[in-house]
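Sequence order for the protein chains is A and B. Every letter in the first sequence is one number past the one before it in my numbering, and letter 55, counting from 1, is 1472. Every letter in the second sequence is one number past the one before it in my numbering, and letter 55, counting from 1, is 62. Working notes for the structure below.
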Amino acid sequence: KAGVTQTPRYLIKTRGQQVTLSCSPISGHRSVSWYQQTPGQGLQFLFEYFSETQRNKGNFPGRFSGRQFSNSRSEMNVSTLELGDSALYLCASSLPVASTDTQYFGPGTRLTVL
Amino acid sequence: TQLLEQSPQFLSIQEGENLTVYCNSSSVFSSLQWYRQEPGEGPVLLVTVVTGGEVKKLKRLTFQFGDARKDSSLHITAAQPGDTGLYLCAGANNNAGNMLTFGGGTRLMVKP
C-alpha cells in the first residue's frame, strides 16, 4: 500500500510569510504526528492529531498550528516565518492503538526561509 | 521534560568493525524505538523494545532496553557500507499518545 506522502517536498519562503504543508497518511491510519528536524535541535515533536482532534502538542510557539480532516489528511501552518523555521518537517502516521504502534514517516518537506 | 541523550554523535569506521550506539535518559519510557534515516527520506523504524532488559536481534543489529527502561543500546556487528546512515532512538509513553521524544542521533559512516 502507498506510504505517507507529503507535499510539497521543497519550499522557499521569505521572513514574515506564512506556509501550509500537507500530509496524507497511509490508508486506514487515523493518527498523524508532525515533527521538525534541524541540525541543531534534531527531531522535535510539534503536535499529533487523531480523529480530527489535536491530542498532543509540543513546545512550539502559537505560530505553528495544524488541523486534520475527516479523511485523516493533515495540514500544518506556520505563520510569520522566521529564519529559524528553516527545517525538514516530517509527518508520521499510525493506526494507533498503543504508543508502541509503528509510526510511518513521510519523506518530509524541506522548508527554507530567506 | 523528558530528554534522550544519544552517543556518539558521529562515528566513522571501517567495514567489518563492530560498534555500539547508546541512548540514555533520566526518565522512564514505556517503550524505546530505534530508527534509521537516510538522506532525503524520513526515519524508518528498525525495532521497538518494551520490556526492561529486553534484547532484540535484527540480523547483525542487537538492541537492548535497560532494566529500568531509561536507556538503550544498539550494537552492530561487522558493519557494512550499507549500514551508513543516521540512527535515532526515540522514547514513547503510554500516556502521551504517539508523541516520540528523539535522541540527537548518531551519524554512522562505514567505509569500504
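Where is the CB? At the ideal position from N, CA and C, for every residue including glycine.
Item to check | Inter-residue CB distance, B:N25 and B:T69 (contact presumed, cutoff 8 Å) | outcome: Contact doesn't hold; Cβ gap of about 10 Å is too wide.
Next on the checklist: Quick check on B:A75: buried or exposed, where buried means 16 or more other Cβ atoms within 10 Å of its Cβ?
Outcome noted: Here B:A75 is exposed. Its C-beta has fewer than 16 other C-beta atoms within 10 Å.
Item to check | Cβ neighbour criterion (16 or more within 10 Å) applied to B:V117 | outcome: Buried is the label assigned to B:V117, since at least 16 other Cβ atoms lie within 10 Å of its Cβ.
Checklist entry - Taking B:E61 as the reference, which of B:Q13, B:L52, B:F72 has the closest Cα? => result Out of B:Q13, B:L52, B:F72, B:F72 has the C-alpha closest to the C-alpha of B:E61.
Next on the checklist: In whole angstroms, give me the CA-to-CA distance for A:G1420 and A:P1524.
Outcome noted: So the two alpha carbons sit approximately 10 Å from each other.
Checklist entry - Any beta-carbon of chain A closer than 8 Å to the one on B:M116? => result For B:M116, the nearest beta carbon of chain A is not closer than 8 Å to its own beta carbon.
Checklist entry - So, is the C-beta of B:A103 closer than 8 Å to a C-beta in chain A? => result Flagged as an interface residue toward chain A: B:A103, by a C-beta distance shorter than 8 Å.
Item to check | C-alpha distance - A:T1431 paired with A:N1488, whole-angstrom precision | outcome: Near 31 Å, if we compare the C-alpha coordinates of A:N1488 and A:T1431.
Next on the checklist: Between A:T1519 and chain B, is the shortest Cβ-Cβ distance under 8 Å, so that the two count as touching?
Outcome noted: Cβ-Cβ to chain B under 8 Å: yes for A:T1519.
Item to check | Test: B:E48 CB closer than 8 Å to a CB of chain A | outcome: The C-beta of B:E48 comes closer than 8 Å to at least one C-beta of chain A.
Item to check | Distance, B:R114 Cα to A:Q1435 Cα | outcome: Taking the straight line from one Cα to the other gives about 32 Å.
Item to check | Element boundaries [beta strand (DSSP E), containing B:H82] | outcome: Unbroken beta strand (DSSP E) run through B:H82: 78-83.
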